[in-house]
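Protein chains in written order, with our numbering: chain C, 1 to 88; chain L, 89 to 728.
Next up, the structure:
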């Protein structure tokens, strides 16, 4: 398992659109588990509803943990999405 | 930020049947509008559609959460529909959606993210979703959400409980000026309600009219109403409810106590009996306080007429000055445009005095008092007497104060007398008997009082004529002072007529003293609001600047609202200032051939630099007098 801590940089936080984009991208990696730890909660990175329920706001620190096939590549992809502000 | 606090019953539709996404959105937007938090429906809907453009908000599992952050939203709210047969909301998983929540969030803050998070947290539970779909009515629907929220967020013990439809406690706040205290009390009550876990809605009757107005439905369903007001508010709507009436300052100081009193059911049930409301309601207030409240009700309603009318007349003078019209008795009406402004301004002025009396009367005796005050005030401007019903010497604003107070109390007496009439007549009392008797009474009273005004006037005129030979300076002082005693009543008129008569007979120094006496009061007050701010209320300060313009234009009426609000301190100050200016004007041999116009006719004033000096000295004297006589407003905060 690999993990990395990132900061939310887009002003609106992880609202519905970025959450959807993120979940979709993660879901493509069927054999790698993606978990986000934020606000004291641990949620499945592939489930859009769970992502939103975590209420991840601007400035939040999020730990991304990937476990499974190509885990480093998946982690890099996930971290890159956060760091790019989900294109916002 | 609890879901059930954002989702009101009227914003829910169970078992909806939208045919497609667009219909579902229309339905939800409509429900949001019903919730009352949308200022601009079209703009809000545009926001929703723009968001859907970016990708559907159907997140799967039959759930769709369309949302928009928009300036069209005044405060966060939710709308919800259930669609048993599902609707194609272009979901990520291509499944139909059957549980739709629409979020409306204001443009600032993270509210929308928090609401989204909460919705998702509770909606993840499949059993909960099923329960919602099967809810047989809206109450059950809300109850299921409430239970779920309690389960998921157990630490929110102080959460605000919403009564079945709307609010448990309602409140109305109002202060005479309607700028600061109204809103401070509202805020204190709202805060206290939140702290105590009791839903409260506060209507503010501020200077811009009533905001957040209580609806009939809300009044019907609440436990009780707190009226924290220093001026009269519409009370008939609270008939039969438990009502606490108190000062606006109590709303600021003891909001907890007030809310607890309503919730404990200790408040007395309020019975609205037409005009008697203000009579028995405020028994714990001192008589002086009540008089002040009535007076301020009149003054604050009169003020807009004074300001707008005065500025119109000043514009008329300006236009005639620019167009080079002759500065004679027709000054201000020579060009068509000037005549327009002068006439309209004059019409607004002609309402000023009746409105003052009308709202004093209304404050005392509710609606029947309005008629009595209005007509009484009008009779004060016509000066009608039994001998000369078409009008004689007007009694001006002092007569209007008299008409308002006497008329109001006479109306209350009439109503008391009518109590003995047969019950069968109750229906026609407010529509026929009160107005008829009130009109008759005020007509007789005013016609009986007005001749005294005429006598005062005649006496004064004779007095002034007799003075012709004596000291010019003393005459100037007296004329100046008279101009500002009643600002349009017998004293003012006597002095003014004396001045114009003097023009006709070729002595122009008298008119100069008269005009300067009428210019000083507004300027003295304006100076005082600029340099001695602590003596005036917010509203008085705001309107102070207009008084410079009014004073310079010889529109003495600008001072009336200030004089009416505190006659015993303001009038003497004005008189002393005006008398000083009048005396100086005479001493400097200033002359004036136009009977009106203020600074706009200074070109025809003889010795105008010294005339200006007289005006400045008189105004400063008036200002200093005001500073000495008037108390700091702080000491009387609970009055404002």
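Just so it is clear, CB atoms sit at the ideal spot from N, CA and C, and this is done for glycine as well.
Could you have a look at residue i and say whether DSSP puts it in helix, strand or coil?
i: residue 200 of chain L; result: helix
i: residue 588 of chain L; result: helix
i: residue 240 of chain L; result: helix
i: residue 278 of chain L; result: helix
i: residue 645 of chain L; result: helix
i: residue 223 of chain L; result: coil
i: residue 506 of chain L; result: helix
i: residue 102 of chain L; result: coil
i: residue 14 of chain C; result: coil
i: residue 299 of chain L; result: strand
i: residue 269 of chain L; result: helix
i: residue 286 of chain L; result: strand
i: residue 680 of chain L; result: coil
i: residue 421 of chain L; result: coil
i: residue 252 of chain L; result: Its pLDDT being 48, under 50, residue 252 of chain L is placed unreliably in this model, and the value from its coordinates should be taken loosely. Three-state DSSP puts residue 252 of chain L in coil, outside helix and strand.
i: residue 19 of chain C; result: helix
i: residue 142 of chain L; result: coil
i: residue 157 of chain L; result: strand
i: residue 342 of chain L; result: coil
i: residue 178 of chain L; result: coil
i: residue 310 of chain L; result: coil
i: residue 333 of chain L; result: strand
i: residue 263 of chain L; result: coil
What residues from chain C crowd round residue i, counting only those whose CB sits closer than 7 Å?
i: residue 142 of chain L; result: 17
i: residue 208 of chain L; result: 49, 52 and 53
Going by DSSP, what residue range makes up the beta strand (DSSP E) through residue i?
i: residue 41 of chain C; result: 41-44
i: residue 461 of chain L; result: Careful: residue 461 of chain L lies outside any beta strand (DSSP E), inside the alpha helix (DSSP H) at 424-470.
i: residue 66 of chain C; result: 61-68
i: residue 169 of chain L; result: 165-175
i: residue 658 of chain L; result: It is not in any beta strand (DSSP E) - residue 658 of chain L instead sits in the alpha helix (DSSP H) that spans 655-675.
With residue i as the anchor, note down where its alpha helix (DSSP H) starts and where it stops.
i: residue 382 of chain L; result: 375-410
i: residue 535 of chain L; result: 522-555
i: residue 632 of chain L; result: 626-640
i: residue 702 of chain L; result: 696-717
i: residue 52 of chain C; result: 48-53
i: residue 109 of chain L; result: 109-123
Taking Cβ-Cβ distances shorter than 8 Å, what residues in chain C pair up with residue i?
i: residue 147 of chain L; result: 16, 20, 48, 49 and 52
i: residue 205 of chain L; result: 52, 53, 54 and 55
i: residue 180 of chain L; result: 20, 24 and 48
Quick one: list the residues of chain L neighbouring residue i, beta-carbon separation under 7 Å, in chain order.
i: residue 60 of chain C; result: In chain order: nothing, as chain L lies at least about 10 Å away.
Along chain C, in chain order, which residues have C-beta atoms closer than 9 Å to that of residue i?
i: residue 198 of chain L; result: 12, 13, 55, 57 and 58
i: residue 153 of chain L; result: 16 and 52
i: residue 202 of chain L; result: 55 and 57
Interface residues of chain B around residue i at Cβ under 9 Å?
i: residue 211 of chain L; result: Looking for chain B here will not work: the only protein chains present are C and L.
For residue i and residue j, what's the separation of their Cα atoms in angstroms?
i: residue 515 of chain L; j: residue 315 of chain L; result: 28 Å
i: residue 617 of chain L; j: residue 631 of chain L; result: 9 Å
i: residue 633 of chain L; j: residue 614 of chain L; result: 6 Å
i: residue 273 of chain L; j: residue 347 of chain L; result: 13 Å
i: residue 317 of chain L; j: residue 589 of chain L; result: 50 Å
i: residue 470 of chain L; j: residue 360 of chain L; result: 35 Å
i: residue 280 of chain L; j: residue 344 of chain L; result: 6 Å
i: residue 125 of chain L; j: residue 326 of chain L; result: 25 Å
i: residue 245 of chain L; j: residue 93 of chain L; result: Low local confidence applies: a pLDDT of 44 at residue 245 of chain L is under 50, so the model's placement there is unreliable, with the coordinate-based value given in what follows. One C-alpha to the other measures close to 14 Å.
i: residue 506 of chain L; j: residue 602 of chain L; result: 49 Å
i: residue 539 of chain L; j: residue 688 of chain L; result: 36 Å
i: residue 247 of chain L; j: residue 206 of chain L; result: The predicted position of residue 247 of chain L is uncertain, since its pLDDT is 41 and thus under 50; a value taken from the coordinates is nonetheless stated next. Taking the straight line from one Cα to the other gives about 15 Å.
i: residue 131 of chain L; j: residue 156 of chain L; result: 10 Å
i: residue 104 of chain L; j: residue 90 of chain L; result: 24 Å
i: residue 425 of chain L; j: residue 585 of chain L; result: 27 Å
i: residue 498 of chain L; j: residue 542 of chain L; result: 24 Å
| message | For the structure I just gave you, are there three or more beta carbon pairs, one from the segment 610-621 of chain L and one from the segment 678-695 of chain L, closer than 8 Å? | response | The segment 610-621 of chain L vs the segment 678-695 of chain L: no contact.
| request: Count the CB pairs spanning the segment 67-85 of chain C and the segment 25-42 of chain C that are closer than 8 Å, and state whether there are at least three. | output: yes
| request: Determine, using beta-carbon pairs with one atom in the segment 440-453 of chain L and one in the segment 708-716 of chain L, whether at least three such pairs fall under 8 Å. | output: no
| query | For the 8 Å Cβ check, are there 3 or more pairs between the segment 477-487 of chain L and the segment 563-578 of chain L? | reply | When C-beta atoms of the segment 477-487 of chain L are compared with those of the segment 563-578 of chain L, three or more pairs fall below 8 Å, so the two segments count as touching.
| query | At a cut of 8 Å, does the segment 15-23 of chain C reach the segment 164-175 of chain L through at least three beta carbon pairs? | reply | no
| message | Closer than 8 Å is the cut-off here; do at least three beta carbon pairs connect the segment 603-611 of chain L with the segment 555-570 of chain L? | response | yes
| field | Touching by the beta-carbon criterion (3+ pairs, under 8 Å), the segment 383-395 of chain L and the segment 646-653 of chain L | value | Contact between the segment 383-395 of chain L and the segment 646-653 of chain L is present, because at least three Cβ pairs lie under 8 Å.
| said: Assess contact between the segment 47-66 of chain C and the segment 203-222 of chain L, defined as three or more Cβ pairs (one per stretch) separated by less than 8 Å. Is contact present? | reply: yes
| query | Are three or more beta carbon pairs between the segment 701-708 of chain L and the segment 664-683 of chain L nearer than 8 Å? | reply | yes
| query | For the 8 Å Cβ check, are there 3 or more pairs between the segment 648-659 of chain L and the segment 415-433 of chain L? | reply | no
| field | Three or more C-beta pairs below 8 Å linking the segment 375-390 of chain L and the segment 426-438 of chain L | value | no
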